[in-house]
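Peer 1: In the working numbering, the protein residues as written are 400 to 642. Ideal Cβ positions, reconstructed from N, Cα and C, are used throughout, including at glycine. From a predicted model like this one, the values you see are computed outputs, not experimental measurements.
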Amino acid sequence: MVKITYLHHSGFAVELDRVVLLFDVISEVPEEVLGTGKPMIFVVTHGHHDHYDSSIFRLRELGVPIRYIISDDIELPRADDITMIKPDERLVVRLSSKNELIFRTFGSTDRGISLMVNAEDSVFFYSGDLNWWAWDTEKRPHIDPHAEERDYKHEISKLKRSLREPIDFAFVPVDPRLDAGELKAALWFIRELHPQYLIAMHFWDDFDIINRLNEAAKGSGTKIPVFTHRDAVVLDLPDAPAS
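Structure follows, in structure tokens:
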């Protein structure tokens, strides 16, 4: 199974048959997610307030095995359940003899990491703040738009070269603050990597941006799920998609 729940902004819970992955959680996690009884792995891509909240560590008392995979730009005390990670690393997490997850990290165009996860016959890519930050230079004159484009495309090229199998689920920023540039990262990602599903993130509560992305990506072959509120179930698939 693959069940994806949108939490808030860039936060998602991904429930698989034997584990729950939680990405960049900054809001309360719904009881339906917390009550699965499955091991949980929290991933934090960087320390910006819209991607990291220390309240995730309060869930240690939940009564299920919990691991934390945290970008090393965040300063934390050492703990057995925390693994600090930086770009261009590979991490294998073995929850049991039959349940192994492989994390491969990439860079960001802002701070911290992006990463790919191979888990239970599916491939996930979570962007964090890896985005084509196509700011309006009248609003942010210090931004070099050519450098922003170059840096994003460079990181996507690295990801493309590393792929051994297609990406099933990609979580990619669509940020309405970028005005005309709000969809550039997602459309380039689809063009270069052709994920089966692309899940929009980093838009706070401007859910209509998902409709704008669907219209712009029409005919690409990538499915873009529409959701309209916090804690919405984005996808609920009984079986992992065939790559």
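#1: What is the DSSP secondary structure of Tyr451, reduced to helix, strand or coil?
#2: If you reduce the DSSP assignment to three classes, tell me which class Ile469 lands in.
#3: Among Asp607, Ile608, His447, Phe602, which residue has its Cα nearest to the Cα of Arg510?
#4: Tell me whether Thr444 is buried or exposed, calling it buried when 16 or more other Cβ atoms sit within 10 Å of its Cβ.
#5: Whole angstroms are fine: how far does the CA of Met400 sit from the CA of Leu636?
#6: For Met600 versus Pro572, is the C-beta distance shorter than 8 angstroms?
#7: Check this for me: beta carbons of His450 and Gly527, under 8 angstroms apart or not?
#8: Taking Pro572 as part of the beta strand (DSSP E), name the residues at either end of that continuous run.
#9: Within 10 Å of its beta-carbon, does Val419 have 16 or more other beta-carbons around it, so buried, or fewer, so exposed?
#10: To the nearest angstrom, how far is the alpha carbon of Thr621 from that of Ile589?
#11: Based on the DSSP output, what are the partners of Asn517 in its beta bridges?
#12: Output needed for Pro515: all residues of its chain with C-beta closer than 6 angstroms, excluding positions within five of it in sequence on either side, in chain order.
#13: Let me know the beta strand (DSSP E) ranges lying completely inside the region 536–621, each 3 residues or longer, listed in chain order.
#14: Tell me, which residues are paired with Arg489 by DSSP?
#15: According to DSSP, is Glu431 part of a helix, a strand, or is it coil?
#16: Put Phe626 into one of helix, strand or coil per three-state DSSP.
#17: Would you mind working out which of Leu461, Val442, Arg539, Asp416 sits nearest Pro429, comparing C-alpha positions?
Peer 2: So, from the data block:
#1: coil
#2: strand
#3: His447
#4: buried
#5: 6 angstroms
#6: yes
#7: yes
#8: 568–572
#9: buried
#10: 7 angstroms
#11: Ile501, Val522
#12: First, the residue type needs correcting, since residue 515 is Met and not Pro in the sequence shown. Within the same chain, Met515 has close Cβ partners Arg503, Phe524.
#13: 568–572, 596–600
#14: Arg503
#15: helix
#16: coil
#17: Leu461
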